[in-house]
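Let me begin by presenting the structure, written as structure tokens, before commenting on it.
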Amino acid sequence: MTARRRLRVLVVAPERHALRQPHAGGLEAVVWNRVRWLRGRGHDVQLCAADGSDFLGADTGLHLPRPRWHRSLDASDTEFPEGHRRLMTDAFDRIRDRLVHPATGVDVVDNHSLHGAPILWSRETGIPVVTTLHTPPLPAMVVAAHAAGPDAPHRFLAVSRFTAGAWAAEGVDAFVFPNGVDGAQWQLGPGPRRGEESWVWFGRIVPEKAPHLAIRAARLARARLRLAGRIGDLTYFTEEVEPLLGDGIEYVGALRQPALSALVGSSSVALVTPVWSEPFGLVVAEALMTGTPVAAFDSGGISEVLRGMPGTAIVRAPEVETLARAAVALARRVRSGSARRGLRAAAVRRYSIEQRQREVERVLMMCADSAPVSPALRAAGAVALAERDAVTEAIGA
Numbered sequence: 001m002t003a004r005r006r007l008r009v010l011v012v013a014p015e016r017h018a019l020r021q022p023h024a025g026g027l028e029a030v031v032w033n034r035v036r037w038l039r040g041r042g043h044d045v046q047l048c049a050a051d052g053s054d055f056l057g058a059d060t061g062l063h064l065p066r067p068r069w070h071r072s073l074d075a076s077d078t079e080f081p082e083g084h085r086r087l088m089t090d091a092f093d094r095i096r097d098r099l100v101h102p103a104t105g106v107d108v109v110d111n112h113s114l115h116g117a118p119i120l121w122s123r124e125t126g127i128p129v130v131t132t133l134h135t136p137p138l139p140a141m142v143v144a145a146h147a148a149g150p151d152a153p154h155r156f157l158a159v160s161r162f163t164a165g166a167w168a169a170e171g172v173d174a175f176v177f178p179n180g181v182d183g184a185q186w187q188l189g190p191g192p193r194r195g196e197e198s199w200v201w202f203g204r205i206v207p208e209k210a211p212h213l214a215i216r217a218a219r220l221a222r223a224r225l226r227l228a229g230r231i232g233d234l235t236y237f238t239e240e241v242e243p244l245l246g247d248g249i250e251y252v253g254a255l256r257q258p259a260l261s262a263l264v265g266s267s268s269v270a271l272v273t274p275v276w277s278e279p280f281g282l283v284v285a286e287a288l289m290t291g292t293p294v295a296a297f298d299s300g301g302i303s304e305v306l307r308g309m310p311g312t313a314i315v316r317a318p319e320v321e322t323l324a325r326a327a328v329a330l331a332r333r334v335r336s337g338s339a340r341r342g343l344r345a346a347a348v349r350r351y352s353i354e355q356r357q358r359e360v361e362r363v364l365m366m367c368a369d370s371a372p373v374s375p376a377l378r379a380a381g382a383v384a385l386a387e388r389d390a391v392t393e394a395i396g397a
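Positions 1 to 397 (my numbering) are the ones given, in order, by the sequence shown.
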């Protein structure tokens, strides 16, 4: 191990879905890889995540409750069942109280939660917290960021300049650390078989990712299209996507990573169709890592991720005809093995997980070293706990 010392890290995962394959989305994939990579570097990593996650130990005190929906039709990637937010707040309070205990051995918290509570742990416990901003600004997190105050041992990272700018407009400043992709998992693919035109769309099947527009683009080009991903909005899938399936348009389900990499790597082109302010767009980097070219809507941070990358095209959303033409041109241009190898090489240079995770490791080291957890800090945290009620109500509503 080349790190200066062995860190004791508490990684706080996004709480909506279990951290396991097939990944619920790009956010879960990033955090899953973070835990795996830090442990591979020899760090002592504990995971706070939803029940059923990989890497959870026998200590159920770090397990988070998963949403329990009465009907599958009600399941959502944006809302929670009634009463779930209070369960989450209670769980985070319990974990925070563990951190204050002198027997707790944590040097730094690596926070990826979309709940505001872990941000406040830096003020309440004196333990450094590094929060990565994976989404557009969320009100509860903005409230917590301001409540933590400038003197708390806390640092914000953002996955793109676009995302950092959106949070800065809310008064939350962040350093930019783009996501990375594991080239050992996302291997160079062979592309489609000779004479075959096979496009791919993969990601969460929700309205803001708009796979129905990818289907329309494929129909215009008379291309075969395979869609892969977890259905995050059943009503949307049933009403907008499912009626468009058939005649060369196929939904293959939520695939584990090896099968998904093989699917993407055997495709002529990948379509990326966000119609919201996409914070990063991990599928873009994943597709390029397999050597598959990418045609994408210019939404949020997508143009930032693709800027200067070969084998890519960016079109205005939601111009389906332009997307179809761009995809056809890319599929024709990037056919040879050498062209695909060039795309992968560019992706490795910019989005290698080794480079990205080492950068994050240095930040975690720096924060742990600059704010060692002393008895005085724990005592100050105890005072902060006595003052938390108003903020807790704001972020747990």
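Note that beta-carbon positions come from the ideal geometry of N, C-alpha and C, so glycine has one too. These numbers were taken from a predicted model, which means no experiment stands behind them.
How about residue i and residue j: do their beta carbons lie closer than 8 Å?
i       : j       : result
Ala-217 : Ala-324 : yes
Leu-343 : Gly-291 : yes
Pro-293 : Val-334 : yes
Asp-77  : Gly-203 : no
Leu-306 : Val-269 : no
Phe-297 : Val-328 : no
His-23  : Trp-32  : yes
Glu-124 : Val-142 : no
Arg-155 : Val-176 : no
So what does DSSP say about residue i, is it helix, strand or coil?
i       : result
Leu-47  : strand
Val-31  : helix
Ala-376 : Annotation note: pLDDT 45 at Ala-376 (below 50); position unreliable, coordinate value reported separately. If DSSP states are grouped into helix, strand and coil, Ala-376 belongs with the helices.
Ile-127 : coil
Gly-61  : helix
His-154 : strand
Ala-317 : coil
Asp-110 : strand
Leu-10  : strand
Leu-220 : helix
Ser-336 : coil
Met-1   : Caution is warranted here: a pLDDT of 42 is assigned to Met-1, below 50, making its placement in the model unreliable, and no coordinate value can be reported.
Leu-56  : coil
Ser-76  : coil
Arg-322 : A small correction: the amino acid at residue 322 is Thr; Arg does not occupy that position in the sequence shown. It is helical.
Leu-399 : This structure cannot settle anything about residue 399, because the visible part of the chain is limited to 1 through 397.
Val-383 : Residue placement at Val-383 cannot be trusted, given a pLDDT of 45 that sits under 50; what the coordinates show is reported in the next sentence. Here Val-383 sits in helix by DSSP.
Residue i and residue j look like a contact to me (Cβ under 8 Å); what is the Cβ gap, rounded to whole Å?
i       : j       : result
Val-172 : Ala-214 : Rounded, the Cβ-Cβ distance is 33 Å, inconsistent with contact.
Gly-261 : Gln-187 : Looking at the sequence itself, residue 261 is Ser, so the reference to Gly does not match. So it is a contact: roughly 6 Å between Cβ atoms.
Gly-229 : Ala-254 : 6 Å
Val-130 : Leu-364 : 6 Å
Glu-321 : Leu-220 : 6 Å
Val-200 : Val-264 : 5 Å
Cys-412 : Pro-67  : The requested residue 412 is not part of the displayed model; the chain covers only 1 to 397.
Gln-21  : Gln-185 : Not a contact, Cβ separation roughly 10 Å.
Gly-42  : Arg-6   : 6 Å
Gly-26  : Thr-163 : Contact doesn't hold; Cβ gap of about 13 Å is too wide.
If distances are taken between C-alpha atoms only, which option among the options comes closest to residue i?
i       : options                               : result
Gly-40  : Glu-361, Pro-65 and Thr-290           : Glu-361
Ala-166 : Glu-278, His-17 and Arg-68            : Glu-278
Leu-19  : Val-241, His-63 and Glu-197           : His-63
Leu-133 : Thr-125, Val-200, Val-305 and Ile-119 : Ile-119
Val-159 : Arg-98, Glu-359, Arg-224 and Ser-336  : Glu-359
Pro-190 : Asp-110, Asp-74, His-23 and Ser-267   : Ser-267
Gly-52  : Glu-15, Glu-82, Leu-87 and Arg-85     : Glu-15
Val-108 : Ala-147, Thr-163 and Arg-8            : Arg-8
Ala-285 : Ala-164, Leu-157 and Arg-356          : Arg-356
Asp-90  : Val-106, Ser-72, Met-141 and His-115  : His-115
Ala-140 : Ala-174, Ile-249, Gly-195 and Ala-117 : Ala-117
Glu-197 : Pro-178, Pro-207 and Ala-223          : Ala-223
Thr-238 : Asp-74, Pro-153 and Asn-111           : Asp-74
request  = Output the residue ranges of the beta strand (DSSP E) runs that lie fully inside the stretch 226–308 and measure 3 residues or longer, sorted by chain position.
outcome  = 249–251, 269–272 and 294–297
task = Counting only runs of 4+ residues fully inside the stretch 138–209, write out the alpha helix (DSSP H) ranges in chain order.
result = 139–148 and 161–168
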